[in-house]
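> For this note's numbering, add 161 to where a residue sits in the sequence shown, where the first one is 1. Where is the CB? At the ideal position from N, CA and C, for every residue including glycine. All values reported here derive from a predicted model rather than from experimental measurement.
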Amino acid sequence: TYATWWIRQNIERAIMNQTRTIRLPIHVVKELNVYLRASRELSQKLDREPSHQDIADLLDRPVANVKKMLTLNERISSVDMPMTVESETSILETVPDTSQSDPCEMLQESNLLESVDAWLDELSIKHREVLTRRFGLRGHSIGTLEDVGKEIGLTRERVRQIQVEGLARLRQLMENQGLSMENVLG
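#1: Run through the DSSP bridge pairs and tell me what SER251 is partnered with.
#2: Taking the alpha carbon of PRO211 as the reference point, which residue from LEU220, SER200, MET267 has its own alpha carbon closest?
#3: Would you tell me roughly how many angstroms separate the C-alpha atoms of ASP282 and LEU331, rounded to the nearest one?
#4: Along the chain, where does the alpha helix (DSSP H) containing GLN170 start, and where does it finish?
#5: Taking 7 Å as the limit between beta carbons, can you name the residues of its chain near GLY339, skipping five residues before and five after?
#6: Can you list, in chain order, the stretches of the beta strand (DSSP E) that have 3 or more residues and sit fully within the stretch 187 to 229?
#7: By the 10 Å Cβ neighbour count, where 16 or more other Cβ atoms means buried, how is ALA217 classified, buried or exposed?
#8: With a Cβ-Cβ cutoff of 7 Å, do LEU306 and VAL320 count as a contact?
#9: Does the structure place the stretch 212 to 232 close enough to the stretch 188 to 204 that three or more beta carbon pairs sit under 8 Å?
#10: Kindly indicate which three-state DSSP category ASP308 falls into: helix, strand or coil?
#11: Taking buried to mean at least 16 other C-beta atoms within 10 Å of its own C-beta, is ASP258 buried or exposed?
#12: Near GLU312, what residues of its chain come up, given a Cβ to Cβ distance below 8 Å and the 5 sequence neighbours on each side ignored?
#13: With DSSP run on the structure shown, which of helix, strand or coil describes VAL277?
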């Protein structure tokens, strides 16, 4: 009867909508099924996996369309699945965690901060104050020339001059230890 047709259509639609991780529109799924049916028929006739050209010839469609449609049939795998049958290692376990810093980089950064801190102690109080406030060191937030000037009671231009002097002195301290600004900060 007519009701069985509607029931069959609703079942087919439900399957088309719910079997894929990424839902495809119904008309695309129907067209994909035409390509897949042709592929199955050809594989039975030829006793091998048909090429894109074979399917295109059978359906009288361009090879580019065949390739495009068949890529839609590729299944999505879970990153928790084992990489091979023998291995218990999943894909997820081999992907690096980018939210965590590399331990070597953390150690280098820590050593750099300790060195900068030691070099700052060798500067005069005036140079140390300006550089720590200007570059956000030792618990200070990064400040503009004007902000730093207001905090320590100097003009913006004087803060700039002290900053230049302090950086020159830091560069000299680093060079005395065989380092250059480019090597340390680069």
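Judging by the given coordinates:
#1: Beta-bridge pairing links SER251 to PRO243.
#2: It is SER200.
#3: Their backbone Cα atoms lie some 10 Å apart in a straight line.
#4: That run of the alpha helix (DSSP H) goes 163 to 179.
#5: So no residue of the chain qualifies.
#6: Listed in chain order, there is nothing to give.
#7: Taking a 10 Å sphere around the C-beta of ALA217, we find 16 or more other C-beta atoms and assign the residue as buried.
#8: Cβ distance < 7 Å, so LEU306 and VAL320 count as in contact.
#9: Yes, the stretch 188 to 204 is in contact with the stretch 212 to 232.
#10: Three-state result, ASP308: helix.
#11: Classification of ASP258: exposed, given that the 10 Å Cβ count is below 16.
#12: Only ARG294, GLY304 meet the Cβ criterion.
#13: Three-state result, VAL277: helix.
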